[in-house]
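Some notes on the structure that comes next.
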Amino acid sequence: MANTISALKRVRMTKRKTLVNRMRKTRLRHSIRALRRLLEGKEVTAAKEQAPKTFSLIDRAAKWGVIKKNTAARYKSRITKHLTKLAA
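Numbering-wise (numbering that gives the first Met the number 0), the sequence shown opens with residue 0 and increments by one.
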């Protein structure tokens, strides 16, 4: 256990940040999951409406450091590939 005041503060800050990051990552996963379900159900119009919202969440998660930039790029690339394949 931490002994100094600054170390105790760091423990409190880490707990708060962990909760926030967990919330952000969960929100991101739910959004990606919803979009993938739309793509699997071949609902093109709904998927096209959902895609920009999901891409925004992916970009923000990468900016916050919840996921890495390459991971964000991979998610967006795969979603776009499925969307264009379905739209054609």
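The C-beta atom is built at its ideal place from N, Cα and C for all residues, glycine as well.
Within the same chain, Cβ atoms closer than 7 Å to the Cβ of alanine 50 are found at Leu34, Ile78 and Leu82, the five residues on either side in sequence being excluded.
Judged by their CB atoms, serine 76 and threonine 53 are not nearer to each other than the 8 Å cut-off. A Cβ-Cβ separation of about 5 Å places alanine 71 in contact with isoleucine 57 under the 8 Å criterion. Nearest neighbour of lysine 80 by Cα position, chosen from Ala6, Lys47 and Ser55, turns out to be Lys47. Going by C-alpha positions, leucine 38 is about 51 Å away from isoleucine 4.
Rounded to whole angstroms, the separation of the alpha carbons of glutamate 42 and serine 55 is 20 Å.
Per DSSP, isoleucine 57 is one residue of the alpha helix (DSSP H) stretching across 43-63.
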